[in-house]
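**Q** Quick one: the structure is below, questions incoming.
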Amino acid sequence: MEAAWAGDIEKVKELSLQAWGAEKDQPPLKIAVSDNMGNTPFSVAFLRGHHDLARALLEIVKAQWSPPKKDKVRFRMEAGNEDEEYESDSDDSDNSSENEPRIVSEKVQDKFTIDDIGHVSMEVESHTKPLQIICESVPSWLIEKEKVVYRYQKRSLFVHTFDTNDTTGLKLLLDLAQHYSGQKFEGDDADQEDEGSTCSFTFPQSDFKWAVEHGKTQLLALVIKRTGAGIPLDHLVKKSGVELKRKPRYYQGLTVYGRKRKDWANAGRGMVIKSSGLRTPPLLHAALGGSVESVELFLGDAPHRLYGEFAKSKASKEDSRFKHLKESPGGFDRAISKWLGADNDLVIHCAVLAYPGDNANELLDYLVETCPDFIEKKNSEGDTPLMVACRLGRIDAVKILLAANADQSARNQRGENILHAAIERSPKAYQLRELLDLLDSGLRSHLFLQRKNLNENGTTPVHAWISQVSGMTLGADNRNNYRRYNGSGYAKPYIGQEKELVLMLKLLLEYSKGEELEMLNGAGDTCLHTAIMTGMIAAVRVLVEFKPSLVYRENAVGRTPAELAHDKLTSQKFTMPDKPSIKDRNRVHDTLRKNSEEFIQEAAMDAHSTEQRRSLESLGLSDTYKPQEVPLILASMGVEKNRSSKRLESRSIDLVLWDLCRTTMKQHPGKRRLVSLNEANDVAKRLGEKYSASRYFSVQARVDDEEVDPDEKESGTTIDFAVQEMKSRLSQAWETKRRHGSKNSSSGSDYGRSSSSDESSDIYESLY
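Just so you know, we're using full-length UniProt numbering here: the sequence shown kicks off at 1 and counts up by one.
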C-alpha cells in the first residue's frame with residue numbers, strides 16, 4: 001500500500017513477484033487485498049495518478065490468479081442391509097423400503113500430512129480477476145492541503161472519473177477493462193459461463209445511470225462510443241422477432257405443453273441469467289436526475305450516431321447479439337431508434353419527479369417549451385404531469401405547468417382530480433393553502449364537488465381526506481372496517497397532531513364552502529358519518545360547527561350521524577366487560593419510575609374544575625366527565641396539546657361523539673333529510689358492478705404450468721416507468737428544496753425539513 005501511494009513500481013514487484021525479506025523467506029504478497037477502509041493497491045495508485053503502476057498491478061493480479069479449487073466428490077451405492085445401525089432403525093418400516101439402495105456421497109481427501117509443519121507456501125493463491133478490481137466500489141477521496149479527505153461513500157472508479165471530469169483516467173479504465181474482459185483465464189470452462197455470455201466488456205449499469213443523471217455529456221459520449229453502454233442487448237434481441245439460435249451447452253429441461261422449461265433446468269444448476277443494459281430509455285433517467293445537459297443530449301440525434309459508431313467497432317463485431325440485430329428487420333439502427341424513443345413522451349413526468357431545486361425547475365422550464373405536446377400526456381394510471389406535481393407537493397413545478405396552460409380539470413383512471421392527488425400524502429395546512437391559491441378560483445369550487453369512481457368509494461376530495469386521516473381502508477366491503485394500526489405504527493396520520501387536523505379541515509371547508517358535505521360516497525355515507533364511525537372527535541367537532549344540519553342527514557340505509565353515535569354508545573353498554581387484569585403500567589415498579597410532574601398534574605386536576613366546565617361548555621359538551629379525562633378530550637378535539645402519553649379510551653370517545661351530536665340537535669333543531677332514491681341506487685350500482693364479473697365465472701392464470709419469463713412478465717404489466725418512480729418517491733412528498741441543490745450531489749437525501757406540526761399550528765392558527 002505504501003509503494004502504491006508513492007508510485008514505486010520496483011518495490012511492488014519486489015514484494016509481490018518473489019520471496020522477500022532479509023533471508024528471502026517471506027512469501028510474495030497478494031495484490032487483490034483491501035484495508036479496513038476498503039482501499040486497494042490499485043485504487044490508491046489510480047487515485048494518486050500513478051497510471052503506469054495501476055497497469056502493472058493488474059498484470060500482477062492476473063499472474064497471481066488461480067481457479068478456485070472444487071471439492072472432489074465420489075458417489076457410491078449401498079444397500080439398506082449393509083449398515084447394521086441403519087437396519088435397526090428401520091425395523092418398523094416396510095420391507096420394500098429396507099431393500100432400496102441408497103446413493104451416498106463423500107469428499108475425496110487429496111491433502112495428506114505435511115512432514116515439515118513450518119513449511120510456508122511461496123505461491124500466492126488469488127481468486128480475484130483484474131476486471132473485478134477495476135469495477136469494484138472503493139472509497140473515493142481527494143487530497144486537499146496535503147491531507148486525504150473522504151467526501152463520499154464507496155463508489156466505483158468510473159463514477160470518480162465522471163465526478164472529477166477526469167478524461168485521461170476514464171480512458172485508462174476503459175482500456176484496461178476492455179483488455180482484460182477479452183482474455184481467458186485458467187479454469188474458465190463452459191460450466192462457469194451461461195449461454196448469453198460474451199467476451200466484450202459491459203459497462204456497469206449503475207455507473208452509466210449516474211453519469212446520465214448528473215449531466216456528464218462529454219464523458220458519456222466517450223463511454224457510449226467505446227462500450228455501447230446502456231444498450232439492453234438481450235431485450236432487443238428478444239424483441240427483434242427473430243430467434244437467436246445457439247447450440248445449447250446444458251440440458252434444456254422437460255418439455256411441458258410444447259415448451260422447454262429452461263427455468264427449471266437453470267434453477268437446478270443454480271444459475272441466474274442477468275440481462276444487461278437499461279430497458280428504460282436514458283432520456284427518462286436524465287430527466288429524473290434534473291440534468292438539462294443530458295436531456296438535451298438524448299433529445300437530439302447524437303446518441304443514435306454514437307451507438308452507430310460503436311456498432312462498427314471491433315468489440316461489437318465479436319458479439320453474436322450485435323450480428324443478430326444487424327440481420328433483423330430494420331437492422332441495428334431501427335432497434336436503437338426504437339429503444340431511445342420508447343416512452344419519451346413521459347419525460348415531463350420524470351422531470352416533475354426530480355428532486356426539487358433550481359436544476360429541476362430549469363429543466364421543467366426547458367421541457368415545457370421544447371415538448372409542449374407532452375404536457376397533457378397521461379401515464380399508465382392516467383395522471384398528467386400536473387397531477388403528479390400536486391401529488392408530490394412540488395409547488396414550483398405546479399407554477400411552471402400552470403404557466404404553460406396545463407389542464408387543471410384532468411382526471412385519472414380512478415376518477416381523481418388534482419385536489420384528490422394533492423391531499424393524498426397529508427400535507428400541512430399552510431402547504432396546501434399555497435397550492436390552492438394557484439388554482440383557478442372558479443374551477444376550484446367545481447373540483448371540490450367531483451367524486452372518484454364508484455369502485456374507488458366515490459369520495460369527494462374532502463371526504464377522501466377524512467377517510468384517509470380516519471384510517472379507513474379503501475374499497476372495504478364493510479363500512480365499519482377501519483384500521484388503527486399498520487406495520488409502522490398508527491394508521492391515522494394525525495394521531496397526536498389533532499390541532500393540525502383541525503387547521504387542515506378548516507382550510508378545506510374555507511375553499512370548498514362546504515357544498516359537498518351532504519354528498520354520499522360509494523358506501524352511502526357522508527363525511528360526518530365516516531368521522532363518527534371512526535371516532536375522529538376533532539373532525540366531528542369542526543363539521544358540526546361548520547354545518548349543524550349534517551346531523552339530520554340520512555345515509556343510504558336511512559341512519560343519521562346522530563343515530564350512529566347513539567348506536568355506538570348503546571352497543572358499549574351491552575358489551576360484555578373484559579376480564580379483570582392488571583395493566584402493565586399499574587405495577588409497583590412502574591409507579592416508582594413515574595416522573596414527579598405526572599403526580600403534580602394528577603393532583604391539580606380537581607383544582608381546575610371551574611375552568612374545565614367552561615372549556616366543555618364552549619365546545620358544546622356536558623360536564624359529566626371525569627377530571628382526568630378532560631385534558632385528553634380537549635387534546636382529541638384539537639383545542640389543546642396533549643402533554644401526556646395517554647389516549648382517550650374508546651368508551652369516552654363514543655360518549656363525546658354522542659354528546660356533540662345531542663348538543664348540536666338541541667341548539668340547532670331541524671328536520672330530518674331523507675335519502676333519495678338516486679343516492680341509494682348509486683350504492684346498489686357500485687355493489688352490482690363489483691360482483692357481476694365474479695358472479696358467473698372466474699378465470700385464474702395457471703402460473704405453475706407456464707414458464708415465467710421476466711421479460712414477458714414486465715411487458716405484460718400496465719405500470720410504466722413514470723408510475724414506478726412516482727410510487728418510490730411518495731414518501732418524499734411535500735418536502736422542501738435541498739439545502740445544497742447541486743446537480744452533482746450523489747444522493748438526494750439532503751433535504752430541508754419542514755416545520756413541525758405544533759409550530760405550523762401556532763403560526764397559522766391566526767388565519768382562522
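C-beta: ideal position from N, C-alpha, C; glycine also. From a predicted model like this one, the values you see are computed outputs, not experimental measurements.
1. Report the option in Ala315, Glu144, Gly215 whose CA atom is closest to the CA atom of residue 795.
2. Does DSSP put Leu142 in a helix, a strand or coil?
3. Quick one: give me the first and last residue of the beta strand (DSSP E) that Tyr552 is part of.
4. For Leu505, which option in Ala410, Tyr552, Met637 has the closest C-alpha, if you only look at C-alpha atoms?
5. For Phe201, which three-state DSSP category applies?
6. Under 8 Å: do the stretch 169 to 178 and the stretch 143 to 155 share three or more Cβ pairs, one atom per stretch?
7. Apart from the five residues just before and just after Gly670, which ones in its own chain have a Cβ nearer than 7 Å to its Cβ?
8. Do Ser426 and Val462 have their C-beta atoms closer together than 9 Å?
9. In whole angstroms, give me the CA-to-CA distance for Glu84 and Pro67.
10. Looking at C-alpha atoms only, which residue of Asp383, Ala422, Gly393, Arg391 is the closest neighbour of Arg411?
11. What did DSSP end up calling Met665 once you bin it into helix, strand or coil?
12. By how many angstroms is the C-alpha of Cys350 removed from the C-alpha of Val292?
13. Could you say if the stretch 360 to 376 and the stretch 326 to 340 meet the contact criterion of at least three C-beta pairs nearer than 8 Å?
14. Looking only at DSSP bridge pairs, what is Phe686 linked to?
15. Quick one: what does DSSP say Tyr150 is sitting in, helix, strand or coil?
16. For Val723 and Leu353, what's the separation of their Cα atoms in angstroms?
17. Can you tell me where the beta strand (DSSP E) holding Ser105 begins and where it ends?
18. Within 10 angstroms of the Cβ of Arg305, are there 16 or more other Cβ atoms? Answer buried if so, exposed if not.
19. What separation, rounded to the nearest whole angstrom, lies between the Cα atoms of Glu510 and His529?
20. Which term fits Met77, buried or exposed, when burial requires 16 or more other beta carbons within 10 angstroms of its beta carbon?
21. Going by other Cβ atoms of all chains shown within 10 Å of its Cβ, with 16 needed for buried, is Leu648 buried or exposed?
22. Contact check, Glu554 vs Arg672 under 8 Å by CB: the rounded distance?
23. Using beta-carbon positions only, say whether Ser140 and Pro204 come within less than 9 Å of one another.
24. Grouping DSSP H, G and I as helix and E and B as strand, with all else coil, what is Thr624?
25. Let me confirm a value: Pro710 is counted as buried when at least 16 other C-beta atoms fall within 10 Å, else exposed. Which label applies?
26. Excluding five sequence neighbours on each side, which residues of the same chain lie with their C-beta closer than 6 Å to the C-beta of His127?
27. Can you look up Val73 in the DSSP assignment and give me helix, strand or coil?
28. In the DSSP output, what is Arg673 paired with across the bridge?
29. Starting from residue 809, trace the alpha helix (DSSP H) both ways and give me its first and last residue.
30. Please name the residue or residues paired with Arg414 in a DSSP beta bridge.
31. Measuring alpha carbon to alpha carbon, tell me which of Arg226, Gln218, Lys727 ends up nearest Glu296.
32. Between the beta-carbon of Ser294 and the beta-carbon of Lys216, is there less than 9 Å?
33. According to DSSP, simplified to helix, strand and coil, what is Ser512?
34. Candidates Pro130, His214, His566, Lys145: which alpha carbon is nearest His160's?
35. Taking 8 Å as the cut-off, is the beta-carbon of Gly215 closer than that to any non-hydrogen atom of the ligand ADP?
36. In whole angstroms, give me the CA-to-CA distance for His50 and Ala221.
**A** Looking at the atomic coordinates:
1. The question about residue 795 has no answer, for the chain in this structure spans 1 to 768.
2. When secondary structure is reduced to three states using DSSP, Leu142 falls in the strand class.
3. Here Tyr552 belongs to no beta strand (DSSP E), and DSSP marks it neither H nor E.
4. Leu505 has its Cα closest to that of Met637, out of Ala410, Tyr552, Met637.
5. In the structure shown, the three-state DSSP call for Phe201 is coil.
6. Flag = no, the stretch 169 to 178 and the stretch 143 to 155 do not touch.
7. Here the set comprises Ser549, Tyr552.
8. Contact: no.
9. With a pLDDT of 49 at Glu84, under the threshold of 50, the modelled position of this residue cannot be trusted; read the value that follows with caution. If you take the alpha carbons of Glu84 and Pro67, they lie about 42 Å apart.
10. Minimum Cα-Cα distance from Arg411 among the listed residues Asp383, Ala422, Gly393, Arg391 corresponds to Asp383.
11. Here Met665 carries a helix assignment [DSSP, helix/strand/coil].
12. Val292 and Cys350: Cα-Cα distance of roughly 12 Å.
13. With the rule of 3 Cβ pairs closer than 8 Å, the stretch 360 to 376 does not count as touching the stretch 326 to 340.
14. Note on residue identity: the sequence assigns Arg, not Phe, to residue 686. Beta-bridge partners of Arg686 (DSSP): none assigned.
15. In the structure shown, Tyr150 adopts extended strand secondary structure according to DSSP, grouped into three states.
16. One Cα belongs to Val723, the other to Leu353, and the distance between them is close to 10 Å.
17. Note, Ser105: beta strand (DSSP E), 102 to 107.
18. It counts as exposed.
19. When rounded, the distance between both Cα atoms is 20 Å.
20. Around the beta carbon of Met77, fewer than 16 other beta carbons lie within 10 angstroms, which makes this residue exposed.
21. Counting C-beta atoms within 10 angstroms of its own C-beta, Leu648 has 16 or more neighbours from the protein chains shown and is therefore classed as buried.
22. Separation of the CB atoms of Glu554 and Arg672 is rounded to 7 Å, and the pair is thereby assigned contact status at 8 Å.
23. No; because the gap between Cβ atoms is not below 9 Å, this pair is not in contact.
24. Collapsing the DSSP output to three states places Thr624 in coil.
25. With a pLDDT of 47 at Pro710, under the threshold of 50, the predicted position of this residue should be treated as unreliable, though the coordinate-derived value follows. Exposed is the call here.
26. Close CB contacts of His127 within its chain, under the 6 Å cut and outside five residues either way in sequence, are with Pro68 (chain order).
27. Here Val73 sits in strand by DSSP.
28. Partner(s): Arg553.
29. Given a span of 1 to 768 for the chain in the structure shown, any question on residue 809 remains unanswerable.
30. BP columns for Arg414 are empty, so no partner.
31. The option with the nearest alpha carbon to Glu296 is Gln218.
32. Yes, Cβ-Cβ distance for Ser294 and Lys216 is below 9 Å.
33. Correct three-state label for Ser512: helix.
34. Checking every option, the nearest Cα to that of His160 belongs to His214.
35. This structure lacks the ligand ADP, and indeed carries no ligand of any kind.
36. Each residue's CA atom was taken as its position, placing His50 and Ala221 some 25 Å apart.
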